[in-house]
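Read left to right, the sequence shown gives residues 1 to 298 (full-length UniProt numbering). For each residue, glycine too, the CB sits at the ideal point set by N, CA and C.
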Amino acid sequence: MKWGQALKDYKLYLKIERGLSENSIENYSRDVKKLINYLEHHNINESPITIAKEIVQGFIYNVAKNINARSQSRLISGLRSFFSYLIFEDYRTSNPLELIESPKIGRKLPDTLSEEEIDTIINAIDFSKPEGERNRAMLETLYGCGLRVSELINLKISDLFFDEGFIKVTGKGDKQRFVPIIDVTQKYINIYRKEIRNHLNIQAGFEDTLFLNRRGKQLTRAMIFTIIKRLAEKIGLKKNISPHTFRHSFATHLLQNDADLRSIQLMLGHESITTTEIYVHLDKSHLTKVIEQYHPRK
């Protein structure tokens, strides 16, 4: 088996068997392509089936000199997955990455905003402009429901179940979940719909899209990012924030107010509780309060 065919079959496996997105498939493929380029550059004539662990290790060590620990870990993980696939298909009996340890990576705690900072950002919106009410509704939804930016821009009017107190969110992998929406967020969405959206010339295909630009089309991720960056600059905020910062803040504030991780996990749409723990940085004061409240020997 040649490298080109192995990579083609592997990509098909990731798509059909693993159900990964095109972006994820491309990331995995890029790791294998780096190995292929290394072999060609050093005139190493080994197939995916016969390549020895020493050669793969040599490649890893060669590349590791020029990339950081996180990139090293990503590369090792990608190649380990590729060779695991070959074992799964009975092309190989061992994984040349099995003795290579990924470098330890410290978890980077995400920037969060305090409740006061969120209020200051929203109050900095220029409500004299038509997009003012829209921007407030969007930021209130990002923070009030803990949405990803892609989930925000794809939110539909038909996804709003205000009478029941929920919105339907389509997340990664087109997985849907219901997220509670508080009254204040509902209020600002309704104001935006009545005072701004209903007066737009909505383009065909976007009739059900909730948040629209002034031309009546769906907003882009970049536009949401720009809106938030400009507001942060306007108030002189020194933190490096993005739409995701509102999601981090949503989870953090829930935890600080004694919400349990499992509930936060469901609202964020995380498959694993471990992912939720990355977003929600558990501070000592919260842990102390939990012990004092719930331990039987308190």
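Buried or exposed by the 16-neighbour rule on C-beta atoms within 10 Å, applied to asparagine 95: By the neighbour-count rule (16 or more Cβ atoms within 10 Å), asparagine 95 is buried.
N- and C-terminal bounds of the beta strand (DSSP E) containing threonine 170: Looking at the DSSP string, the run of the beta strand (DSSP E) that includes threonine 170 is 166 to 170.
DSSP-derived helix/strand/coil call for residue 305: With the chain covering only 1 through 298, there is no way to say anything about residue 305.
Beta-carbon proximity of glutamate 131 to arginine 214, cut-off 9 Å: Taking 9 Å as the Cβ cut-off, glutamate 131 and arginine 214 qualify as a contacting pair.
Boundaries (first-last residue) of the alpha helix (DSSP H) holding phenylalanine 206: Where phenylalanine 206 is concerned, there is no enclosing alpha helix (DSSP H), given that its DSSP letter is neither H nor E.
Sheet register partners of valine 32 (DSSP bridge): For valine 32, which the question treats as bridged, DSSP gives no partner whatsoever.
Whole-Å CB distance - leucine 86 paired with proline 48, under 8 Å assumed: Right, the Cβ-Cβ distance comes to about 6 Å (below 8 Å), so this counts as a contact.
Exposed unless 16 or more other CB atoms sit within 10 angstroms - verdict on valine 184: Valine 184 sits exposed, since fewer than 16 C-beta atoms from the chains shown fall within 10 Å of its C-beta.
Range of the contiguous alpha helix (DSSP H) that encloses arginine 148: Counting along the chain, arginine 148 falls outside any alpha helix (DSSP H), and DSSP gives it neither H nor E.
The alpha helix (DSSP H) enclosing proline 243, as first and last residue numbers: Proline 243 -> alpha helix (DSSP H) spans 243 to 256.
Through-space distance from asparagine 23 to lysine 34, alpha-carbon basis: Distance from the CA of lysine 34 to the CA of asparagine 23, rounded to the nearest whole angstrom, comes to 17 Å.
Any alpha helix (DSSP H) of 4 or more consecutive residues that is wholly inside the UniProt domain "Core-binding (CB)" (1 to 87): Taking only runs of at least 4 residues, the alpha helix (DSSP H) segments lying wholly in the UniProt domain "Core-binding (CB)" (1 to 87) are 3 to 16, 22 to 41, 53 to 64.
Arginine 193 (DSSP reduced to helix, strand or coil): The DSSP-derived three-state label of arginine 193 is helix.
Straight-line gap, leucine 97 to lysine 129 (C-alpha atoms, nearest Å): Rounded to the nearest angstrom, the two C-alpha atoms are 57 Å apart.
DSSP-derived helix/strand/coil call for phenylalanine 178: Of the three classes helix, strand and coil, the one that applies to phenylalanine 178 here is strand, per DSSP.
Spatial neighbours of leucine 219 in its chain, beta-carbon cut-off 6 Å, leaving aside the 5 residues before and after: Here the set comprises Ile153, Phe211, Asn213.
Through-space distance from arginine 262 to phenylalanine 161, alpha-carbon basis: Computed Cα separation, rounded: 23 Å.
Touching by the beta-carbon criterion (3+ pairs, under 8 Å), the stretch 238 to 251 and the stretch 141 to 148: Contact annotation: the stretch 238 to 251 touches the stretch 141 to 148, with at least three C-beta pairs closer than 8 Å.
Residue nearest to arginine 148 in terms of C-alpha spacing, selected from Lys217, Val179, Ala124: With distances taken between Cα atoms, arginine 148 lies closest to Val179.
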